[in-house]
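What follows is a single structure, written as structure tokens, with notes after it.
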Amino acid sequence: MTQQEPRYRRSFGDLSERALAFWLLLPATLLLGLVALYPVARLFHNSLFRRRLTDETGTNPVFVGLGNFAQALSDERFWTALWNTFLIVLVTVPGALVVGLLLALLANLPFQVRWPVRLGLLLPWALPLVFAGLIFRWFFDSQYGVVNDVLVRLGGERLLWVTTPELLFWAVCLTIIWKTSSFVALILLAGLQVIPKELYEAAAVDGASRWQSFWRITLPLLTPALLVAAIFRTITAFQTFDIPFAMQNGGSSFETLAMYVRTTSIENLNFGYGSALAVLMFLVSLGVTLLYLRHIRGADD
Amino acid sequence: MRWSARFWLWAAAAVVVVNGFFPMVWILLTSFKPESELTRIPITWWPENFTLQNYVQALTGAPIGRYFLNSLIVAAGATALCVFVSALAAYALARLRIPHKTLIFSLLVGVSMFPTVTLLLPLFEMVLALGLRNTYIALILPHAALSIPVATLVLVSFFQGIPKDLEAAAMVDGCTRIGALWRVVVPLSAPGVFTASILAFVNSWDEFLLALTLMPSQAMRTLPVGIQFLQGEYTFPWPLISAALVIALVPVALVIAVFQERVVGGLTQGGVKG
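Chains as they are written, first to last, in numbering that gives the first Met the number 0: chain A, 0 to 300; chain B, 0 to 273.
Have a look at this one:
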């Protein structure tokens with residue numbers, strides 16, 4: 000295909016390969032440029048200015064250099080939000096990986112009818128995050144929630160899940176783990192299905208127990224898929240917004256970084272400072288993304 | 000199979016199925032209970048006073064129909080736009096000689112990982128400047144763009160699965176490259192396009208943060224935003240919310256159930272290979 004197009008082509012089939020590629024890639028590039036790349040550039044620009052739509056800096060932004068970032072360093076609410084986000088990552092990423100691995104191992108068993116199990120993994124993925132937040136808010140309701148109902152039946156006490164800060168944190172984490180573990184399971188299931196069956200048969204012949212095959216065969220061969228799932232999950236956990244927002248009905252007694260960014264920039268219309276916070280978030284995400292890209296490049300080689 | 004093995008197989012399936020279905024089943028059961036039954040202790044699991052009143056209330060007392068329509072317009076528009084531009088790009092990436100292809104793929108994956116909240120303020124600014132707040136287009140464009148990476152990756156691997164010889168044969172028979180694309184590749188790629196469409200549609204249908212910020216007015220809310228706002232400041236109208244959730248969930252759940260194999264294939268392609 001290194002040759003130019005043969006002569007008998009007519010009309011715009013005559014485009015050279017380069018030109019054709021250019022025109023085919025153009026619409027996607029324009030759309031991404033407009034909605035993703037330009038906004039990021041604009042964000043960095045905004046972060047260097049003091050600009051609030053509620054005062055005169057709304058029309059006349061004042062250049063403050065890195066002043067907004069300096070402000071963030073001494074902003075207690077920023078540090079709390081960062082810490083909360085860090086805790087969410089710390090709890091829900093390993094949580095979703097463990098639950099996801101368990102679900103994937105169960106779903107990989109030789110069922111004759113596969114669809115109920117597959118749908119059991121797909122439904123939580125397809126459920127909007129906000130809806131998961133609302134449904135679990137109802138589960139965790141202190142009076143009429145099913146969680147407390149089960150606790151009482153088991154001889155425990157009613158817990159004030161939503162109004163006690165520590166319990167709210169765990170309710171949010173459990174909801175996130177439930178909602179995200181099924182996507183992890185789908186990725187891991189795809190990884191499990193490409194492990195050759197012969198390996199297990201050979202191990203069984205050699206007298207290995209199931210437990211040994213799991214540690215010596217399944218886990219090592221599943222590591223690439225686990226790593227992909229872990230990085231994906233870390234990036235999305237770092238952006239956590241919908242579930243705590245819905246479970247607190249828009250309140251902020253438990254606030255993540257994404258929630259603080261939105262409140263600062265959209266609710267308080269503090270464009271400069273909000274942008275600086277968003278830039279900090281963007282840089283952390285970029286770091287994790289580069290790590291991921293290096294990983295898949297490594298896998299390609 | 001020994002009975003014990005059979006039993007464990009059933010138990011394993013039950014764990015996965017209950018884990019996945021329980022929240023939706025619970026909300027479905029909740030939606031059939033009258034308010035008096037929902038605020039009773041101990042709570043009931045199975046509805047004792049079965050009622051459809053909650054649905055009547057959701058469809059007449061709250062603009063659920065309107066939210067549904069908004070979600071549908073945005074998701075359909077975003078899906079059509081996204082899949083169209085992604086298919087063009089994916090064909091080029093799968094078939095044509097393009098310099099720096101690896102870099103392009105890396106950029107695509109990179110863009111797919113941008114935190115939405117970092118795009119929020121600049122998009123909000125743009126939408127305000129253009130006077131597009133509370134218009135469908137303000138949400139359709141970003142929703143379409145956000146699904147371009149996954150749709151493109153799914154379509155690239157799909158196009159790579161179509162033998163090049165088929166196109167070459169069509170071109171030898173006198174088709175132009177565009178002609179071969181239209182007569183050979185397009186019909187064969189329908190399943191891939193369909194998979195990409197479902198993924199883009201679900202992404203848009205589920206999206207909350209941008210919808211909340213770019214289309215916040217009562218009449219323009221999408222389902223996630225509208226239903227979230229059914230919560231009062233101190234009251235939680237669960238009969239209404241549960242019925243609204245069921246109305247919002249059933250269509251998507253049906254689509255997912257019918258096309259589950261494709262969805263799983265698309266997800267793991269876009270995810271693992273991405």
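Think of the CB as a built atom: it goes at the ideal place given N, C-alpha and C, for glycine as much as any other residue.
Beta carbon of residue i nearer than 8 Å to that of residue j
| i | j | result |
| --- | --- | --- |
| Ser180 of chain A | Leu86 of chain A | no |
| Pro148 of chain B | Leu107 of chain B | yes |
| Ile197 of chain B | Gly264 of chain B | no |
| Arg76 of chain A | Val61 of chain A | no |
| Pro115 of chain A | Ala199 of chain B | no |
| Met23 of chain B | Ala137 of chain B | no |
| Val82 of chain B | Ala125 of chain A | no |
| Arg117 of chain A | Gln259 of chain B | yes |
| Thr263 of chain A | Leu282 of chain A | no |
| Tyr272 of chain A | Gln70 of chain A | yes |
| Leu23 of chain A | Ala91 of chain B | yes |
| Leu180 of chain B | Glu16 of chain A | no |
| Ala27 of chain A | Ala88 of chain B | yes |
| Ala236 of chain A | Val88 of chain A | yes |
| Leu209 of chain B | Leu119 of chain B | yes |
| Leu158 of chain A | Leu150 of chain A | yes |
| Ala106 of chain A | Val15 of chain B | yes |
| Arg182 of chain B | Ala169 of chain B | yes |
| Val161 of chain A | Arg136 of chain A | yes |
| Pro191 of chain B | Val153 of chain B | Looking at the sequence itself, residue 191 of chain B is Gly, so the reference to Pro does not match. Taking 8 Å as the Cβ cut-off, Gly191 of chain B and Val153 of chain B qualify as a contacting pair. |
| Val207 of chain B | Asp241 of chain A | First, the residue type needs correcting, since residue 207 of chain B is Phe and not Val in the sequence shown. In this structure, Asp241 of chain A lies closer than 8 Å to Phe207 of chain B by Cβ. |
| Ser30 of chain B | Asn53 of chain B | yes |
| Gln56 of chain B | Leu133 of chain A | no |
| Pro46 of chain B | Glu36 of chain B | yes |
| Val260 of chain A | Val116 of chain B | yes |
| Asn248 of chain A | Gln230 of chain B | yes |
| Leu122 of chain B | Pro195 of chain A | no |
| Leu218 of chain A | Leu52 of chain A | no |
| Phe6 of chain B | Gly119 of chain A | no |
Classification of residue i by the beta-carbon crowding that lies within 10 angstroms, buried from 16 upward
| i | result |
| --- | --- |
| Thr221 of chain B | buried |
| Arg296 of chain A | exposed |
| Val262 of chain B | buried |
| Arg9 of chain A | Residue placement at Arg9 of chain A is poorly supported in this model, since its pLDDT is 43, which falls under 50; the coordinates are not used for a value here. |
| Asp205 of chain A | exposed |
| Glu165 of chain A | exposed |
| Trp210 of chain A | exposed |
| Asn45 of chain A | buried |
| Asn18 of chain B | buried |
| Gly99 of chain A | buried |
| Ser208 of chain A | exposed |
| Thr212 of chain B | buried |
| Trp237 of chain B | buried |
| Asn59 of chain A | exposed |
| Phe138 of chain A | buried |
| Ala201 of chain A | exposed |
| Val274 of chain B | This structure does not reach residue 274 of chain B, given that chain B is present from 0 up to 273, and the question cannot be answered. |
| Val201 of chain B | buried |
Distance between beta carbons of residue j and residue i, contact taken as under 8 Å
| i | j | result |
| --- | --- | --- |
| Pro98 of chain B | Gln238 of chain A | Pro98 of chain B to Gln238 of chain A, Cβ: 33 Å. No contact. |
| Ser203 of chain B | Ala74 of chain B | 4 Å |
| Ile26 of chain B | Ser241 of chain B | 5 Å |
| Thr255 of chain A | Ala80 of chain A | 6 Å |
| Ile234 of chain A | Met112 of chain B | 5 Å |
| Val287 of chain A | Leu42 of chain A | So it is not a contact: roughly 18 Å between Cβ atoms. |
| Pro223 of chain B | Pro123 of chain A | Going by Cβ atoms, the distance from Pro223 of chain B to Pro123 of chain A rounds to 16 Å, so no, they are not a contact pair. |
| Leu33 of chain A | Ala143 of chain B | About 10 Å separates the two Cβ atoms, so there is no contact after all. |
| Leu121 of chain A | Ile255 of chain B | 5 Å |
| Ile186 of chain A | Leu198 of chain A | Going by Cβ atoms, the distance from Ile186 of chain A to Leu198 of chain A rounds to 20 Å, so no, they are not a contact pair. |
| Ala61 of chain B | Leu239 of chain B | 6 Å |
Partners in chain C for residue i, counting only beta-carbon separations shorter than 7 Å
| i | result |
| --- | --- |
| Met246 of chain A | The question asks about chain C, but that chain is absent: this structure's protein chains are A and B. |
*asked:* Does the region 236 to 252 of chain B come into contact with the region 154 to 172 of chain B, if we say contact requires no fewer than three beta-carbon pairs (one atom in each stretch) closer than 8 Å?
replied: no
*Uninterrupted alpha helix (DSSP H) stretches inside the region 109 to 171 of chain A (no shorter than 4 residues)*: 114 to 125, 128 to 138 and 145 to 152
*Can you find at least 3 beta carbon pairs, one from the region 225 to 233 of chain A and one from the region 182 to 198 of chain A, that sit closer than 8 Å?*
yes
*What alpha helix (DSSP H) runs, 4 residues minimum, are completely inside the region 207 to 261 of chain B?*
208 to 213, 222 to 227 and 237 to 257
_Which runs of the alpha helix (DSSP H) at least 4 residues long sit entirely within the region 115 to 152 of chain B? Give them in chain order._
115 to 128
*May I have a chain-ordered list of the beta strand (DSSP E) segments no shorter than 3 residues that lie completely inside the region 22 to 74 of chain B?*
none
*Is the number of C-beta pairs between the region 159 to 178 of chain A and the region 90 to 100 of chain A that are closer than 8 Å three or more?*
yes
*Quick check: the region 140 to 148 of chain A against the region 33 to 50 of chain B, are there 3 or more CB pairs under 8 Å?*
yes
*asked:* Ignoring anything shorter than 4 residues, give me the alpha helix (DSSP H) runs that lie fully in the region 161 to 248 of chain A, in order along the chain.
replied: 164 to 192, 196 to 204, 209 to 212, 218 to 237 and 241 to 246
*In chain order, which continuous runs of the beta strand (DSSP E) of length 3 or greater are located wholly inside the region 49 to 74 of chain A?*
none
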